[in-house]
Every structure is written in C-alpha cells, then in structure tokens.
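For any residue, its number in the working numbering is found by taking its place in the sequence shown, counting from 1, and adding 368.
Glycine included, each C-beta is placed from N, C-alpha and C at the ideal position.
None of these values were measured; they are calculated from a predicted model.
Input: a single structure, listed below in structure tokens.
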Amino acid sequence: MTEERLPDAAEVARLVQDVVPGVHAADVRPIGEGGDHASWWVGPDHVARCALDSGGSERLRRELALRELVGERTGIPVPVSVASGDWARGRAFTLDTRLGGVSAELRAVPAAGEDDLTRLLVQLAQVPVVEAEALGVPPEAPRNMPGLLRRASAAAETVAARDEFDAGWLPRLSVRGAEAATAPATLVHNDLKGEHLLVAEDGRVSGVLDWTDAVTGDAAEDVAGLAISVGAVAAVRIATAAGFDRGACARALQLARCDTLTLLSDRLGGRDDSPLPLLRTQLRRAWEPTVLDGPEEK
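Laid out in structure tokens, this is it:
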C-alpha cells in the first residue's frame, strides 16, 4: 500500500534544482490552495504542483497537453511547464512558470477584465471538442437541474436557520428558462473560480490557472463559476457579450445559486472544510439580482 503523504520543501527543491539552479528548501513555500495536488511557490518565478494520488496524476499530466492546446488555439494566458515527471512512484509533478497578477478574489475585475473573460468564453467554444477529447479530456453530461434544486431548497432552510441566508431571496433560485436551456458541448474549464483567475494591475486577466478539472460539456458551468467569482450581474453581462442566450445565462445563475447554498450548508454541517468567509462571499455574489430575475429585480 502506498504511503499517503505530501512532499516536503527539501524534496521539491531537489526535484527542480536542474531547472532552478541554486534553489534551496527555504525558497520553496506552500500555497494554501490545493485540491488533489500540493502547490508550492519556487522562488519568485515558478510554481511546483505535486499530485497526491493516481487520479490526480492523470489529471495533472493531461493538463500539460491541454494547456498547450488552449494556449496555441486561443492565446489565453496559461502557465507553461518547464519540467515534469514523478515526485514519487506513480505520482506526478510539474514545474510551471509563474504568471503575473493576483487572484480575482483579491482584485476586482473592471471592464477591461470583463472583455478578457468574454474572449475566454468565446475562445473555449471554438476549441474542437474532438481535439480536447483526444487528449483525454472527459465528456460530462449536464447536471440534473431538478435534483440540484431539491437539494438546494433543503440547504436553504438549513442556511437560513443559521442566519447565513435571507429567505426572501429564495424566489431567485429558480430562474425562468434555466431548465429548458440546451447547447452543444464545448471545452469547459469547469472550475472557473476567482482563485484560478489572475488579474493584473491594469485590470486585464493575466492568467487562467488549473485546468485539471476540464471537461467537454455544459459551458454554463463556466458562467456559473464567473457568477461566484465576479458576481451574477457581471457574469450575465460577460456571457451575453460572448453570445450566450437568455436560457444559457439563466441555467448558469441557477447552477451557481444551487452550488453556493449546498456548499455553505455542507460547511456549516461539518461536511466540508472550505473557508467560511469565502463561501459567504461567493453566495452573496451569485445571488445578486439580475435582469433575468423578473421585472421586480430590474
């Protein structure tokens, strides 16, 4: 049985010393955000990521090829891998260039950044699905909306009872046209949260990180990610500019609102360890009233 552990700073330094000469353990600092991989700053210019299991290794290796495809076909700024391999038997690592900018959780996205996000959605839709799937990107069916609504409605009661949600917002959960919306499958980042969007000082999007969860499927998932990252109003504005119709925008809002309720409920119930302040902020963003929420919200 493989021992479950993370590499330490000295191990990471040894892994990358051929690419970053003179690197020491003191130059390697853990990054709080992770998931199925451990992430480390390596000096000022690089990021190392080490997968924790075979599934994470598969996604990390696939991401290397996917980022090349995305960068070449779309011009979207993505990290470039300068070294890769295994840090332990069957567990992958990659050393990437560090892109400029800070997380969209820390810096607001102005009009110039919204234009970049519009181009991101347009360009992802133009990547041939067959090319993405040839790299191993899995197809994923659209999520079942009735089931999501049932779970979110139950979560709303729990969250409202803890004074974490205004029950008066609940009519916004079911967005007209969301359940009838359909669209062809496209390449989807599938985790387009603020921590994966870098914003430069001038407000432009300077990087899109972590493509390990990418799928071919429902593009509304990426708009839902934007709703929790930059707010529902901006997300609808960005998606509309990218050519999404009203139904697709409605589906995205409904996805985001369901997710924020269920995630916050899970956190309050001890079933999730995501930062509580972040979940509260994401819920507030996704539940902003928009032009899709009926005449009373215009």
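In the same chain as residue 399, and ignoring 5 residues on each side of it, the C-beta atoms closer than 7 Å to its own belong to 407, 408, 409, in chain order.
In this structure the region 634 to 650 does not touch the region 578 to 590; the number of beta carbon pairs closer than 8 Å is below three. Listed as beta-bridge partners of residue 585 by DSSP are 554. In this structure, residue 600 keeps its C-beta atom at 8 Å or more from the C-beta atom of residue 548. Straight through space, the alpha carbons of residue 386 and residue 559 are spaced by roughly 32 Å.
Residue 428 and residue 504 have their alpha carbons spaced roughly 11 Å apart. The Cβ atoms of residue 649 and residue 523 lie no closer than 8 Å to each other. Taking C-beta separations shorter than 8 Å and ignoring five residues to either side along the sequence, the partners of residue 448 in its chain run 435, 439, 464, 465, following chain order.
Excluding residues up to 5 positions away in sequence, 377, 380, 381, 408, 410 lie with their Cβ nearer than 6 Å to the Cβ of residue 396 in the same chain. Only residues of its own chain outside the window of five on either side were considered, and among them 572, 573 have a CB closer than 8 Å to the CB of residue 484, listed in chain order. DSSP places residue 444 outside both helix and strand once states are collapsed to three, so it counts as coil. Counting the other Cβ atoms within 10 Å of the Cβ of residue 482 gives 16 or more, which makes it buried. Counting only unbroken stretches of 4 or more residues, the alpha helix (DSSP H) elements lying wholly within the region 468 to 532 are 479 to 494, 497 to 502, 513 to 529, in sequence order. The region 560 to 568 makes no contact with the region 530 to 546: fewer than 3 CB pairs, one atom from each, lie closer than 8 Å.
When the beta-carbon positions are compared, residue 384 and residue 451 come within less than 8 Å of each other. Within the DSSP secondary-structure output, residue 649 pairs in no beta bridge.
When the beta-carbon positions are compared, residue 516 and residue 607 stay at least 8 Å from each other.
Counting of Cβ neighbours within 10 angstroms places residue 494 among the exposed residues, the total staying below 16. In this structure residue 619 is in contact with residue 546, their Cβ atoms being roughly 4 Å apart against a cut-off of 8 Å. The residues 405, 425, 428, 459, 460, in chain order, have a CB closer than 6 Å to that of residue 419 in the same chain once the five nearest residues on each side in sequence are set aside.
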